[in-house]
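**Student:** Structure provided below as structure tokens; questions to follow.
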Amino acid sequence: MKRFWIAIVSVAILLISCEGLTPPDLTGKGFLSINTKPTGCEVYVNGTKMEDTTNCVVDSVPKGEELIVRLAKGEYLDWTDTVTIEDSDTLLIDKRFSANLCVTSDPQGAEIWLDSVNTGQITNYTLTDILVGSHDLRLVKDGYDDWENKVIVGLSKVDTVQAELQTHITQIEWIHVPAGTFMMGSPPWDEDAYENEMPQHSVYLDGYYISKYEITNAQFCEFLNEEGNLYQGFKCIGIDDKWGLCQIYEQDGQYYVESGKDNYPAICVTWYGAKAFSEWLDGRLPTEAEWEKAARGEDKRKYPWGNDEPSIQLAKYDHGDSTQVNTVPVGYYPDGISAYGCFDMAGNVIEWVNDWYDYDYYEISPDSNPQGPDEGSMKVIRGGGWWSWPDELRCSYRYWAYTYSEFVDVGFRPVKDE
Numbered sequence: 096m097k098r099f100w101i102a103i104v105s106v107a108i109l110l111i112s113c114e115g116l117t118p119p120d121l122t123g124k125g126f127l128s129i130n131t132k133p134t135g136c137e138v139y140v141n142g143t144k145m146e147d148t149t150n151c152v153v154d155s156v157p158k159g160e161e162l163i164v165r166l167a168k169g170e171y172l173d174w175t176d177t178v179t180i181e182d183s184d185t186l187l188i189d190k191r192f193s194a195n196l197c198v199t200s201d202p203q204g205a206e207i208w209l210d211s212v213n214t215g216q217i218t219n220y221t222l223t224d225i226l227v228g229s230h231d232l233r234l235v236k237d238g239y240d241d242w243e244n245k246v247i248v249g250l251s252k253v254d255t256v257q258a259e260l261q262t263h264i265t266q267i268e269w270i271h272v273p274a275g276t277f278m279m280g281s282p283p284w285d286e287d288a289y290e291n292e293m294p295q296h297s298v299y300l301d302g303y304y305i306s307k308y309e310i311t312n313a314q315f316c317e318f319l320n321e322e323g324n325l326y327q328g329f330k331c332i333g334i335d336d337k338w339g340l341c342q343i344y345e346q347d348g349q350y351y352v353e354s355g356k357d358n359y360p361a362i363c364v365t366w367y368g369a370k371a372f373s374e375w376l377d378g379r380l381p382t383e384a385e386w387e388k389a390a391r392g393e394d395k396r397k398y399p400w401g402n403d404e405p406s407i408q409l410a411k412y413d414h415g416d417s418t419q420v421n422t423v424p425v426g427y428y429p430d431g432i433s434a435y436g437c438f439d440m441a442g443n444v445i446e447w448v449n450d451w452y453d454y455d456y457y458e459i460s461p462d463s464n465p466q467g468p469d470e471g472s473m474k475v476i477r478g479g480g481w482w483s484w485p486d487e488l489r490c491s492y493r494y495w496a497y498t499y500s501e502f503v504d505v506g507f508r509p510v511k512d513e
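When we follow our numbering, the leftmost residue of the sequence shown carries the number 96, and every step to the right adds one.
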């Protein structure tokens, strides 16, 4: 008797529940099945926002009528179309939203990585058919810090990314100078030449690498903070130079660069400082012959850029009457690069080399990998600087300075062996 009563109660409850339900009228209705890449798009039908985002199914949609469907996501996707559910009960909307992304960098030639995947392309390049939305973009180039940023690719337009690549302070961009022979010095008919540049002679050099740019204040400052300002008992840089023009200063035992001068060539550097920095990089200072070949190439050109006379479009020079330092950021004159692609081999700052200076050295110099005299009282400096006259910008021009000199127009660049 007890078991029978429970069964009757259950049936009664079920009947009451069913009576309260009104089945939807699906006559003339259909479904919209909407799939998108990227997912998560808001869905609007005839201006009404649906509860679900893609991928989703919208039910109870009138059949045989034009429907305005809008899909939107963030600031980068807003798509609208008119659709009609005709014979079938379900209309499939399957959309992949993509656009193009133009990636440029200065300098160009950087690998393009998108969402941790190497695209196999280098800048400057336009990536096509990129899914709209937020992406992680990374540019990779030897000698530079990786450039990373989030980029938004929007629908129906080409987005452009312009990246300025920064040289890592302790990284040097090296230029390869291949082994071979070049003509060193000046011929006797060169009216601008000095006797210490003669005779012009053939020199063979093994291959080596040389810094593309003069060493900057930022690079030298990092060296000072690691190694200090003394090398073999001599100062590396004259931060207390008598003119007060050095762009690096010391405060509480740390070295700093004047604001805005990070990428300017280091000045007031002694030969000892140039040598110490080069060794810190596991490199060395160039020989006089290595410096001249990197500037001149193998075609006997008069200036690093060729045989045209110097101009303000090619180099920083001829400010001998100035009372202020007139250097410019390294790499400022792209039209003045040398045969191998080195910047500022003429102008900006004069550069230390490793050789002792001898006025008549070319008369006895060996024709293969010359190293300079065994001893001397002064070192060779090369290249002319912002304080130099035009004839001092010639590739063959030679001058000298004491190893402890702290000139406001003298810097350097290192080399390393193959």
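Every residue gets a Cβ at the ideal spot worked out from N, C-alpha and C, and that includes glycine.
Predicted model only: the values in this text are computed from it and were never measured.
Residues bridged to residue 151 by DSSP?
**Tutor:** Looking at the DSSP assignment, residue 151 forms a beta bridge with 129.
**Student:** Where residue 350 and residue 285 are concerned, what is the direct C-alpha to C-alpha distance, given to the nearest angstrom?
**Tutor:** 45 angstroms
**Student:** Could you tell me how far apart the beta carbons of residue 476 and residue 445 are, in whole angstroms, since I believe they sit closer than 8 angstroms?
**Tutor:** 5 angstroms
**Student:** Take the Cβ of residue 480 as the centre, count every other Cβ of all protein chains shown within 10 Å, and call the residue buried at 16 or more, exposed below.
**Tutor:** buried
**Student:** Which first and last residues belong to the beta strand (DSSP E) in which residue 351 is found?
**Tutor:** 349-352
**Student:** With DSSP run on the structure shown, which of helix, strand or coil describes residue 373?
**Tutor:** In this structure, residue 373 counts as helix in the three-state DSSP scheme.
**Student:** In terms of alpha-carbon separation, which member of 141, 180, 339 lies closest to residue 165?
**Tutor:** 141
**Student:** With DSSP as the reference, label residue 356 as helix, strand or coil.
**Tutor:** DSSP places residue 356 in coil when its eight states are reduced to three.
**Student:** Who are the Cβ neighbours of residue 395 in its own chain at under 6 angstroms, not counting the five residues just before and after it?
**Tutor:** Correct list, in chain order: 278.
**Student:** Thinking C-alpha only, which one of 129, 160, 156, 168 is nearest residue 150?
**Tutor:** 129
**Student:** Going by DSSP, what residue range makes up the alpha helix (DSSP H) through residue 318?
**Tutor:** Residues 312-322.
**Student:** Output the distance between the C-alpha atoms of residue 115 and residue 155, rounded to the nearest integer angstrom.
**Tutor:** Note that residue 115 has pLDDT 44, beneath the 50 cutoff, so the model's placement of it is unreliable and the number below is only indicative. In this structure, the straight-line span from the alpha carbon of residue 115 to that of residue 155 is close to 21 angstroms.
**Student:** If you draw a straight line from the alpha carbon of residue 321 to that of residue 447, how long is it in whole angstroms?
**Tutor:** 22 angstroms
**Student:** Under a Cβ-count criterion, where at least 16 other Cβ atoms within 10 Å of its own Cβ denotes burial, should residue 212 be classed as buried or exposed?
**Tutor:** By the neighbour-count criterion, in which a residue is buried when 16 or more other Cβ atoms sit within 10 angstroms of its Cβ, residue 212 is exposed.
**Student:** Cα-Cα, which of 289, 274, 352 is closest to residue 281?
**Tutor:** 289
**Student:** Smallest Cα separation from residue 131: which of 228, 483, 382?
**Tutor:** 228
**Student:** Whose C-beta lies closer than 6 angstroms to the C-beta of residue 368 among residues of the same chain, with five residues either side of it excluded?
**Tutor:** Cβ neighbours of residue 368 beyond the five flanking positions: 331, 332.
**Student:** Look at the alpha carbon of residue 118 and the alpha carbon of residue 147, and state the distance between them as a whole number of angstroms.
**Tutor:** At residue 118 the pLDDT is 48, less than 50, meaning the model places this residue with poor confidence; the figure from the coordinates comes in the next sentence. Spanning the two alpha carbons is a distance of roughly 22 angstroms.
**Student:** Can you name the start and end residues of the beta strand (DSSP E) that residue 441 belongs to?
**Tutor:** No beta strand (DSSP E) contains residue 441, which DSSP labels as neither H nor E.
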